[in-house]
Amino acid sequence: MRPVYARPLRAPLSGPRAYDLRVRPESIAALRRARDLIDRQYAEPVDLDAMAGAAGLSRHHFARSFRACFGETPGAYMSRRRVERAKDLLRSANLTVTEICLMVGFQSLGSFSSRFRELVGCSPTAYRDRQRVSAG
């Protein structure tokens, strides 16, 4: 039998709340400004420095605070917003998947399709086909 002191004191942190930061109210407002920047410019290449600048924080503090506040990294939030917009376009626009991919800010069809499948559970083409069938 192992002595009690040989066991780890706590499990490693993981998941969306891995950082146990106390985000101050004034920081929350700054983080919301950065999130609004992503929402407005999701189709453009917005880098971490620009997002951190919008929040008035260093890039590392911004990345940790954003995840603590919103439960996902800035990059994950941006790609999720892009996929949400792509879903709207797949339902309503008469555009190719490649055109939609580029319109929402992905640099390649492969990265778009992979991220779309990861978040939605099917390929963009399959999603469009299902929406057309359910619409009638």
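Residue numbers for the sequence shown follow my numbering, so the first one is 2 and each next one is one higher.
All C-beta atoms, glycine included, are put in the ideal place defined by N, C-alpha and C.
Model, not experiment: these values are computed from the prediction.
Which residue marks the beginning of the alpha helix (DSSP H) containing residue i, and which one marks its end?
| i | result |
| --- | --- |
| residue 107 | Note, residue 107: premise wrong, no alpha helix (DSSP H); not H, not E. |
| residue 76 | 75-93 |
| residue 1 | Residue numbering for the chain in the displayed model covers 2 to 137; residue 1 lies beyond these limits and cannot be assessed. |
| residue 26 | 26-41 |
| residue 51 | 49-56 |
| residue 66 | 60-71 |
Between which residues of its own chain and residue i is the CB-CB distance below 7 Å, once the five residues before and five after are set aside?
| i | result |
| --- | --- |
| residue 28 | 66 |
| residue 58 | 31 and 66 |
Could you name the residues of the same chain whose beta carbon sits closer than 8 Å to that of residue i, not counting the 5 residues immediately before and after it, in chain order?
| i | result |
| --- | --- |
| residue 47 | 38, 39 and 79 |
| residue 110 | 98, 99 and 102 |
| residue 81 | 73 and 120 |
Take residue i and list the residues in its own chain whose beta-carbon comes closer than 6 Å to its own, dropping the five residues that flank it on each side.
| i | result |
| --- | --- |
| residue 5 | Here residue 5 scores only 39 on pLDDT, less than 50, and its place in the model should not be relied on; the value that follows carries that caveat. So the list is empty, once near-sequence residues are dropped. |
| residue 16 | Interpretation of residue 16 is limited by its pLDDT of 39, a score under 50 that renders its predicted location unreliable; the figure taken from the coordinates is listed afterwards. Answer for residue 16: no residue qualifies. |
| residue 112 | none |
| residue 132 | 92 |
| residue 75 | 52 and 67 |
Are residue i and residue j close, meaning C-beta to C-beta below 8 Å?
| i | j | result |
| --- | --- | --- |
| residue 44 | residue 105 | yes |
| residue 34 | residue 49 | no |
| residue 114 | residue 124 | yes |
| residue 128 | residue 96 | no |
| residue 77 | residue 63 | no |
| residue 86 | residue 107 | no |
Sorry if obvious, but does the Cβ on residue i come closer than 7 Å to a heavy atom of the ligand NAD?
| i | result |
| --- | --- |
| residue 61 | Absence of the ligand NAD from the depicted structure is noted, as is the absence of any ligand whatsoever, leaving it without description. |
Rounded to whole angstroms, how far is the Cβ of residue i from the Cβ of residue j, which I believe are closer than 8 Å?
| i | j | result |
| --- | --- | --- |
| residue 31 | residue 56 | 4 Å |
| residue 71 | residue 118 | Not really, about 23 Å apart at Cβ, beyond 8 Å. |
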